[in-house]
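I have placed the structure first, in the form of structure tokens, so that the comments after it can refer back to it.
Number of protein chains: 2
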Amino acid sequence: MISNKAKYALRALLAVAAQPDGEALTSTEIARTHSIPHKFLEQILLDLKKAGILESRRGKAGGYVMLRPADTISFGEVLRIFDGPLAPLPCLSRVAYRRCEDCESEARCLIRRELARSYDASRQVLDSRTMADALREGQDAPLTAPVRRAG
Amino acid sequence: MISNKAKYALRALLAVAAQPDGEALTSTEIARTHSIPHKFLEQILLDLKKAGILESRRGKAGGYVMLRPADTISFGEVLRIFDGPLAPLPCLSRVAYRRCEDCESEARCLIRRELARSYDASRQVLDSRTMADALREGQDAPLTAPVRRAG
DNA sequence: CTAATCCCTATAAAACCGATAGAGATAATG
DNA sequence: CATTATCTCTATCGGTTTTATAGGGATTAG
Numbered sequence: 001m002i003s004n005k006a007k008y009a010l011r012a013l014l015a016v017a018a019q020p021d022g023e024a025l026t027s028t029e030i031a032r033t034h035s036i037p038h039k040f041l042e043q044i045l046l047d048l049k050k051a052g053i054l055e056s057r058r059g060k061a062g063g064y065v066m067l068r069p070a071d072t073i074s075f076g077e078v079l080r081i082f083d084g085p086l087a088p089l090p091c092l093s094r095v096a097y098r099r100c101e102d103c104e105s106e107a108r109c110l111i112r113r114e115l116a117r118s119y120d121a122s123r124q125v126l127d128s129r130t131m132a133d134a135l136r137e138g139q140d141a142p143l144t145a146p147v148r149r150a151g
Numbered sequence: 152m153i154s155n156k157a158k159y160a161l162r163a164l165l166a167v168a169a170q171p172d173g174e175a176l177t178s179t180e181i182a183r184t185h186s187i188p189h190k191f192l193e194q195i196l197l198d199l200k201k202a203g204i205l206e207s208r209r210g211k212a213g214g215y216v217m218l219r220p221a222d223t224i225s226f227g228e229v230l231r232i233f234d235g236p237l238a239p240l241p242c243l244s245r246v247a248y249r250r251c252e253d254c255e256s257e258a259r260c261l262i263r264r265e266l267a268r269s270y271d272a273s274r275q276v277l278d279s280r281t282m283a284d285a286l287r288e289g290q291d292a293p294l295t296a297p298v299r300r301a302g
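Respectively, the protein sequence lines represent chains A and B.
Its first residue numbered 1, the first sequence is counted upward by one per residue in our numbering.
Its first residue numbered 152, the second sequence is counted upward by one per residue in our numbering.
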């Protein structure tokens, strides 16, 4: 399960990305429309700014805008910021590799070998699908009927 | 990341499954050969027994043996026992479905839609690969060289 | 009877999660 | 300049989860 924090972050990010042109969106507005605790959201937006994903304008008429285009920000990147490595084992993470202290041989570890298969599969999705992809698909999807993809 | 508990459980389970015939393996022996805290391991083995995966024999010359054959026990099943649902969102779990309290429409939730893709990919691996698969592949793998698959 | 084993429950330190709080910095507006 | 709306930063806090450790009780072989 992903954390609430990560879920809030994705919601907020999609909201900012969906904004027309370079119009800023305030934390208050996001919190209100998406049912996110305001002060908690502020921390999250700050993290997204520190990560170089959002840009902020202070003072009255301030708010948040995208710093990088939405089609360069993957779900995987956002999840890593808030929930840490996506890998099921530390020894499978490329970004945050750590050896399992009690492991004798990574090459012979059966658990590592199997979990690597699963990780490969999910990572390929999470690191390739972007905020822009999600928004685009959201537009031409049915509004009330259950989701149904071509094919 | 999976928990230590789940990792220990998988190690222990693979050890018991690798045992010849119906020979029992004691918790003490597993703890020693796999560097798992003994009393912690006892709790884990008990959970595996309650889950109907292992069978135990008490008293002197006791130990643990498989209750179900190794090719019927998937990695997904074990991970669910110790770490809970594999789904990234409660609303994506089939076994433990829960609605996101603050979600307006599951069908229109962009986060849900994207995470479902990732979850589908990893679940297919975790629920199909069994302890027996892992052991079988472990046998014909190279002993010292890095892992390398055909193709 | 003894020793080895599984079985069960209680306890606890540390980390993590999900916020809440308050004050400071900045900028637009009149 | 004063006001107000916003972002910025740090601290705190209650609850839960994780990762064990501890101590004994039940069972069985020999």
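Each residue gets a CB set at the ideal place from its N, CA and C atoms; glycine is no exception.
Check your understanding: Are the CB atoms of Leu-135/A and Leu-261/B nearer to each other than 8 Å?
Key -> For the purposes of this step, residue 135/A is taken as residue 135 along the first sequence, with counting starting at 1. For the purposes of this step, residue 261/B is taken as residue 110 along the second sequence, with counting starting at 1. Taking C-beta atoms as the reference points, Leu-135/A and Leu-261/B count as a pair closer than 8 Å.
Review point. In terms of alpha-carbon separation, which member of Glu-255/B, Glu-257/B and Arg-245/B lies closest to Tyr-270/B?
Key: Numbered from its first residue, the second sequence carries residue 270/B at position 119. Of the candidates Glu-255/B, Glu-257/B and Arg-245/B, Arg-245/B places its Cα closest to the Cα of Tyr-270/B.
Review point. In its own chain, which residues sit with a C-beta less than 7 Å from the C-beta of Arg-129/A, not counting the 5 before and 5 after it?
Key: Taking the first residue of the first sequence as 1, we reach residue 129/A at position 129. Taken in chain order, the residues that qualify are Ser-74 and Phe-75.
Exercise for review: Grab me the residues of Lys-158/B's own chain with a C-beta within less than 8 Å of its C-beta, minus the 5 sequence neighbours each way, in chain order.
Suggested key: Locating residue 158/B in the second sequence gives position 7, counting from the first residue. Annotation for Lys-158/B: no residue places its beta carbon closer than 8 Å to its own, counting only its chain and skipping 5 residues before and after.
**Study point:** Short CB-CB distance (under 8 Å) between Ala-17/A and chain B
**Key:** Translated into positions along the first sequence, residue 17/A becomes position 17. Output row for Ala-17/A: interface = no.
Check your understanding: By a C-beta neighbour count over all protein chains shown, 10 Å radius and 16 as the cutoff for buried, is Leu-143/A buried or exposed?
Key -> As a working note, residue 143/A is residue 143 in the first sequence. Residue confidence is low: Leu-143/A scores 48 on pLDDT, short of 50, so the model does not pin down where it sits. Its coordinate-derived value is still stated next. So Leu-143/A ends up on the exposed side.
Point to revise | In DSSP terms, what Leu-41/A is bridged to | key: Indexing the first sequence from 1 puts residue 41/A at position 41. In DSSP, Leu-41/A forms no bridge with anything.
Check your understanding: Just curious, the beta strand (DSSP E) that Val-216/B is in, first and last residue?
Key -> Indexing the second sequence from 1 puts residue 216/B at position 65. 214-217 is the span of the beta strand (DSSP E), which, as asked, contains Val-216/B.
Review point. Glu-180/B: buried (16+ other C-beta within 10 angstroms of its C-beta) or exposed?
Key: Residue mapping note: residue 180/B aligns to position 29 of the second sequence, counting from 1. With a 10 Å radius around the Cβ and a threshold of 16 neighbouring Cβ atoms, Glu-180/B comes out exposed.
**Study point:** Residue range of the unbroken alpha helix (DSSP H) whose run includes Leu-126/A
**Key:** Position 126 of the first sequence, counted from the first residue, corresponds to residue 126/A. In the DSSP annotation of this structure, the continuous segment of the alpha helix (DSSP H) that includes Leu-126/A starts and ends at 110-126.
**Study point:** beta strand (DSSP E) segment containing Ser-56/A, residue limits
**Key:** Taking the first residue of the first sequence as 1, we reach residue 56/A at position 56. Under the DSSP assignment, Ser-56/A falls in the beta strand (DSSP E) whose first and last residues are 54-57.
Check your understanding: Beta carbon of Ser-207/B, beta carbon of Glu-193/B: below 8 Å?
Key -> Working through the second sequence from its first residue, we reach residue 207/B at position 56. Working through the second sequence from its first residue, we reach residue 193/B at position 42. Not a contact, by the Cβ cut-off of 8 Å.
Check your understanding: Using 8 Å as the limit for Cβ to Cβ distance, is Ala-134/A near chain B?
Key -> Counted from its first residue, the first sequence places residue 134/A at position 134. Yes, contact with chain B.
Exercise for review: Check the C-beta distance from Gly-63/A over to Leu-14/A and give it rounded, since I have them as a contact under 8 Å.
Suggested key: Residue 63/A sits at position 63 when you count from the first residue of the first sequence. Residue 14/A sits at position 14 when you count from the first residue of the first sequence. That pair is no contact at about 16 Å.
Review point. In chain A, which residues lie with their C-beta within 8 Å of the C-beta of Arg-306/B?
Key: This structure cannot settle anything about residue 306/B, because the visible part of chain B is limited to 152 through 302.
Review point. Taking the alpha-carbon positions, what's the Arg-123/A to Gly-210/B distance?
Key: Translated into the one-based positions of the first sequence, residue 123/A becomes position 123. Translated into the one-based positions of the second sequence, residue 210/B becomes position 59. In this model, Arg-123/A and Gly-210/B are separated by some 47 Å (Cα to Cα).
**Study point:** chain B within 8 Å of Ala-31/A, Cβ atoms only
**Key:** What you label residue 31/A is simply residue 31 of the first sequence in a count that begins at 1. No, Ala-31/A lies away from the interface with chain B (no Cβ there is under 8 Å from its Cβ).
Point to revise | Neighbour flag for Glu-42/A against chain B, beta carbons, 8 Å | key: Stepping through the first sequence from its first residue, residue 42/A is reached at position 42. It does not; no Cβ of chain B falls within 8 Å.
Review point. Using DSSP with H/G/I as helix, E/B as strand and the rest coil, what is Thr-281/B?
Key: Here residue 281/B refers to the residue found at position 130 of the second sequence. Annotated three-state conformation of Thr-281/B is strand, per DSSP.
Exercise for review: For Arg-80/A, I'd like the list of residues in its chain whose CB is within less than 8 Å of its CB, leaving aside the five on either flank, ordered along the chain.
Suggested key: Locating residue 80/A in the first sequence gives position 80, counting from the first residue. Closer than 8 Å at the Cβ level, and outside the excluded window around Arg-80/A, lie Leu-86 and Val-95.
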